[in-house]
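The sequence shown lines up with residues 8 to 317 when you count with this note's numbering. Worksheet: one structure, shown below.
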Amino acid sequence: MVDDPPRYMGEGFVVLSSNNMEVYYYMDEPGVVPEHPEMIRLANGDMVEAMPPIWGIDIKCGKGTDFSYGPWADRQREHLFKFFFPNDYQPLKVTKAPSPGDKRQVQSFDIRLSTLNEATVDILFSKNRETNAVHINVGPGSYLEITMPWIVLQDGYTTKITGQLLHLEATTSLQYRSLVESETLEFGVKCHYPIRWNDHQEWTLNLTGCKATANLVYAHKEFFQDMINDWASKARPDILHFVPYTWKFSLLLKEFELITICNEYNWIDCSSQNQENAHIAFCGDFFDLSFDLPFVDFLPQTIPLRFWIQ
């Protein structure tokens, strides 16, 4: 099956471009595990146990930074991961704690990506070979942190992604472009993988926006449905490789505005300047929305959805 990228730039799909970048790679040289736990006194006088060796990379992006991602790019990431880390379909082995006299053990690989200036993020997807996009402008100081575990615990391991986008402004490729503006947007993703490869997995996504304004029109429903459909696997369903999992979504807005259009006859003025639209705004101090997407059955007829709104 041919899987064409949504947009070519030069000789291929560009995931990241920047005028200049600073890269700092660090790795502790592990020492020997002592007979008794080593305690360290903090500046406030508290005594804590010494941290394990750290290993990671810190990337700082300068001016002219552009990120591009989406369903197609995510599928390529999955192909690369399966190539370098193929699944042997065997239960994971719990990592044994090092004994006194052994080398201390690195527990995770940490990645931090931050912007020193304004940057753009494009989420690109396709429908009938037509490219659609969510275009996001973010301010300096926005960052992304990824923690990739290097050990296996009794219940498996969990990959964590956290970050914050400052002075976010998001638009769509629809004729009515406005989508979201937010002073800050914090996000967190946790992907839990159990010991057995085909046991139930739980993935969570938490979004917290502060001083956010969201513009909602009915066309957004089909727009984001098309993006979800493109993000769904292109491979033919195979029960031998089926893995049940559940996505848990949580959206929290503080000091928010939800704006929708209420023009007569449901027309929308999409001109770039001096739009003549009538609006209804729902304002509040707190909005909390949570729901689950349970993909726990193989090719189900329907998937029940329950929404919790406060």
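No residue lacks a Cβ here, since even glycine has one placed at the ideal position from N, Cα and C. None of the values given here were measured: they were computed from a predicted structure.
message = Taking contact to mean 3 or more Cβ pairs, one atom from each stretch, closer than 8 angstroms, check whether the region 249-267 and the region 161-170 are in contact.
response = Counting Cβ pairs under 8 angstroms, fewer than three are found: no touch.
query = Is DSSP giving Leu-87 helix, strand or coil here?
reply = Under the three-state reduction of DSSP output, Leu-87 falls in the helix class.
query = beta strand (DSSP E) containing Met-155: first to last residue?
reply = Segment 150-156, the beta strand (DSSP E) holding Met-155.
key: Reduced DSSP secondary structure (H/G/I, E/B, other) of Asp-233   = Here DSSP, grouped into helix, strand and coil, assigns Asp-233 to helix.
inquiry  = Need the endpoints of the beta strand (DSSP E) that Gln-114 sits in, please.
reply    = Unbroken run through Gln-114: none, as it is neither H nor E.
Continuous beta strand (DSSP E) stretch holding Ile-249: start and end = Residue 249 is actually Phe in this sequence, not Ile. First-last for Phe-249: undefined, no H or E at that position.
inquiry  = Would Thr-324 and Ser-121 be called neighbours here (beta carbons separated by less than 8 angstroms)?
reply    = Shown here, the chain extends from 8 to 317; a query on residue 324 therefore has no answer.
Residues near Trp-79 by beta carbon distance below 6 angstroms, same chain, minus five either side = Apart from the 5 residues on each side of it in sequence, Trp-79 sits with its Cβ closer than 6 angstroms to the Cβ of Pro-12, Pro-13 in its chain, given in chain order.
inquiry  = In the DSSP output, what is Cys-198 paired with across the bridge?
reply    = Partner residues in the beta bridge of Cys-198, as assigned by DSSP, are Thr-166, Trp-210.
query = Asn-222 and Glu-176 look like a contact to me (Cβ under 8 angstroms); what is the Cβ gap, rounded to whole Å?
reply = Going by Cβ atoms, the distance from Asn-222 to Glu-176 rounds to 11 angstroms, so no, they are not a contact pair.
task = Just tell me which of Gln-317, Ser-75, Ile-266 has its CA closest to the CA of Cys-290.
result = Looking at the Cα atoms, Ile-266 is the closest of the given residues.
Proximity winner among Gly-77, His-248, Tyr-33, Phe-92, relative to Ala-239 (alpha-carbon distances) = Cα-wise, what sits closest to Ala-239 is Gly-77.
ask   = Taking DSSP as the reference, what is the three-state secondary structure of Asp-109?
value = Asp-109 carries a coil assignment under DSSP once its states are collapsed to helix, strand and coil.
Best match in Met-46, Ile-246, His-227 for proximity to Pro-307 [C-alpha to C-alpha] = When C-alpha distances from Pro-307 are compared across Met-46, Ile-246, His-227, the shortest belongs to Ile-246.
N-terminal and C-terminal residue of the beta strand (DSSP E) that Tyr-31 is part of = 28-34 is the span of the beta strand (DSSP E), which, as asked, contains Tyr-31.
key: Nearest to Asp-237 (by Cα), restricted to the options Leu-131, Asn-213, Asn-51   = With distances taken between Cα atoms, Asp-237 lies closest to Leu-131.
Sequence-distant residues of the same chain with beta carbon closer than 7 angstroms to Met-155, five excluded per side = These residues qualify, in order along the chain: Ser-115, Phe-116, Thr-166.
task = Over the uninterrupted beta strand (DSSP E) stretch that includes His-142, give me the two end residues.
result = Looking at the DSSP string, the run of the beta strand (DSSP E) that includes His-142 is 137-145.
ask   = DSSP on Ala-80, reduced to helix/strand/coil?
value = Ala-80 falls in the helix class under three-state DSSP.
inquiry  = For Arg-111 and Gly-38, which I take to be in contact (beta-carbon distance under 8 angstroms), what is that distance rounded to the nearest angstrom?
reply    = So it is a contact: roughly 6 angstroms between Cβ atoms.
request  = Please confirm whether Phe-318 and Phe-298 have their CB atoms less than 8 angstroms apart.
outcome  = With the chain covering only 8 through 317, there is no way to say anything about residue 318.
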